[in-house]
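From first to last, the protein sequence lines stand for chains P and A.
Quick note: the first sequence uses our numbering, first residue 1, plus one each step.
Quick note: the second sequence uses our numbering, first residue 1001, plus one each step.
Here is the structure we will look at, set down as structure tokens.
There are 2 protein chains.
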Amino acid sequence: MSTNDDGARPPALGGVAFLLAQLGAHAADRFARRIAELDLTPPQAGLLRMLAHAPGRSQRELAGDLGMPPSRFVPFADELEGRGLIERRRNAEDRRLYALHLTEQGREMLGELAKAGMAHEQQITESLTPEERQHLAELLRRIADHEGLTPGVHPGYRRLRTGASGRRPASPSRAP
Amino acid sequence: MSTNDDGARPPALGGVAFLLAQLGAHAADRFARRIAELDLTPPQAGLLRMLAHAPGRSQRELAGDLGMPPSRFVPFADELEGRGLIERRRNAEDRRLYALHLTEQGREMLGELAKAGMAHEQQITESLTPEERQHLAELLRRIADHEGLTPGVHPGYRRLRTGASGRRPASPSRAP
DNA sequence: GACAATCGTTCTACTTTGTAATCATTATCG
DNA sequence: CGATAATGATTACAAAGTAGAACGATTGTC
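Right, here's the structure in full:
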């Protein structure tokens, strides 16, 4: 029952940019739900990965890379430390700084995280052939390069309701 | 060698799913900044588009499709009404309901929005040939279909700090 | 003609977030 | 060498966003 003229409908809704935004949000949401079973949020997973790749950095540095103010990083690291996933050591050269490291438990969790990531990738690309996946990855990487995005840095990855049982109110009911 | 063994590096970082999340957030961010010059946020733009496509709906319906509680929709609509972009008419058949419509100014704004959307699309796909754009759109649409996403419904589109035009006064005019 | 249900609105408690103040340690410079 | 500025981690606090319940107005039902 469209009552208005949609002759001037902007092509944005079917365009690449809109699809990217929609799918990106969906993929991030799916991933968040998946790792919620490990009691991890996306930024927490991000920190674990960062510590695996470059251990011993200070809280301020890590907070900066995660895009959060240092004051917020403190309770953020507190929780992971309390769960035994990360460890606060003192930097011998500058005792003001902490040197954050993964614990053995943290490394195990990282393994679970890798498994979740692979399953996630598998699920998202399920409807594509291997050749299409590769082609898609190449096109996306081209855009990412063109837009000046650094490969390893995850996006905004904003917080998300982590209710493991997850309630999802998003019910777009189109009732004509 | 301050880095650790990355022998077990999860392929997720270079995979399609991660690129999608990263690029999607980036594209949404770019779009938000662009329409910030029109003093519009993504959900505001979404409402204008919804009203253009299906005018006369009630606030509760619109709030539901936008994924926000009705209580939050009230000041949200207040601002757009105060700026003369939308109009609250009464539904003659059921005077409890409002019937929201675009004003003439709102339609003009929608035109600006369409221009911004096309420029946005152009910018994002600048590094691709027309054939590649079409192919990319097809692959993305395939994934979207497979994931059960509805075409016209925008994603989470969470609020964003723009800083471009820090409009915050938001003087809601009580309209009895 | 009373009673339940629905819509828009207001109210309020709760969570999240960022900035400023505080303490310890280090660098700088006279 | 000693005082002062600067930096990292932490705490305190205020500002803003959010969701849910409560309220008046209107409609449908029996």
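Virtual Cβ for every residue (Gly too), placed ideally from N, Cα, C.
Grab me the residues of residue i's own chain with a C-beta within less than 8 Å of its C-beta, minus the 5 sequence neighbours each way, in chain order.
{"i": "residue 1102/A", "result": "1048, 1051, 1052, 1055, 1085, 1086, 1087 and 1110"}
{"i": "residue 71/P", "result": "none"}
{"i": "residue 151/P", "result": "144"}
{"i": "residue 1003/A", "result": "Residue confidence for residue 1003/A is low, a pLDDT of 40 falling below 50, so the modelled location carries little weight; the figure read from the coordinates is stated next. So the list is empty, once near-sequence residues are dropped."}
So, with DSSP's three-state summary, where would you put residue i?
{"i": "residue 1018/A", "result": "helix"}
{"i": "residue 1045/A", "result": "helix"}
{"i": "residue 87/P", "result": "strand"}
{"i": "residue 116/P", "result": "helix"}
{"i": "residue 1068/A", "result": "coil"}
{"i": "residue 78/P", "result": "helix"}
{"i": "residue 57/P", "result": "coil"}
{"i": "residue 1121/A", "result": "helix"}
{"i": "residue 92/P", "result": "coil"}
{"i": "residue 1108/A", "result": "helix"}
{"i": "residue 1147/A", "result": "coil"}
{"i": "residue 29/P", "result": "helix"}
{"i": "residue 1040/A", "result": "coil"}
{"i": "residue 1128/A", "result": "coil"}
How many Å lie between residue i and residue j at the Cα?
{"i": "residue 1147/A", "j": "residue 26/P", "result": "9 Å"}
{"i": "residue 15/P", "j": "residue 83/P", "result": "44 Å"}
{"i": "residue 1061/A", "j": "residue 138/P", "result": "40 Å"}
{"i": "residue 57/P", "j": "residue 1119/A", "result": "41 Å"}
{"i": "residue 98/P", "j": "residue 116/P", "result": "30 Å"}
{"i": "residue 1073/A", "j": "residue 1095/A", "result": "19 Å"}
{"i": "residue 149/P", "j": "residue 18/P", "result": "18 Å"}
{"i": "residue 133/P", "j": "residue 1077/A", "result": "42 Å"}
{"i": "residue 142/P", "j": "residue 1135/A", "result": "14 Å"}
{"i": "residue 20/P", "j": "residue 1140/A", "result": "8 Å"}
{"i": "residue 155/P", "j": "residue 121/P", "result": "Confidence at residue 155/P is low in this model, with a pLDDT of 46, below 50, so the placement of that residue should be treated as unreliable; the coordinate-derived value is given next. Computed Cα separation, rounded: 17 Å."}
{"i": "residue 81/P", "j": "residue 23/P", "result": "33 Å"}
{"i": "residue 1123/A", "j": "residue 131/P", "result": "27 Å"}
{"i": "residue 107/P", "j": "residue 67/P", "result": "23 Å"}
{"i": "residue 1165/A", "j": "residue 1040/A", "result": "Caution applies to residue 1165/A, whose pLDDT of 31 falls short of 50 and renders its modelled position unreliable; the value that the coordinates give is listed next. So the two alpha carbons sit approximately 10 Å from each other."}
{"i": "residue 100/P", "j": "residue 1128/A", "result": "41 Å"}
{"i": "residue 79/P", "j": "residue 1079/A", "result": "40 Å"}
{"i": "residue 59/P", "j": "residue 1075/A", "result": "39 Å"}
Leaving aside the five residues before and after residue i along the sequence, list all residues of the same chain whose C-beta is less than 7 Å from its C-beta, in chain order.
{"i": "residue 45/P", "result": "35 and 113"}
{"i": "residue 1125/A", "result": "1133"}
{"i": "residue 105/P", "result": "84 and 85"}
To which residues does DSSP link residue i through a beta bridge?
{"i": "residue 101/P", "result": "87/P"}
Using 6 Å as the cut-off, classify the Cβ of residue i as near or not near the heavy atoms of the ligand FMN, replying yes or no.
{"i": "residue 38/P", "result": "The model depicted lacks the ligand FMN and carries no ligand whatsoever."}
Return the chain-ordered list of same chain residues with a C-beta closer than 6 Å to the C-beta of residue i, the five sequence neighbours on each side being excluded.
{"i": "residue 1038/A", "result": "1112"}
{"i": "residue 63/P", "result": "70 and 73"}
{"i": "residue 1005/A", "result": "Any answer about residue 1005/A is weak, because its pLDDT of 40 lies below 50 and its placement is not dependable; what the coordinates show is given next. Excluding sequence neighbours, residue 1005/A sits near nothing in its chain."}
{"i": "residue 1091/A", "result": "1097 and 1099"}
{"i": "residue 1093/A", "result": "none"}
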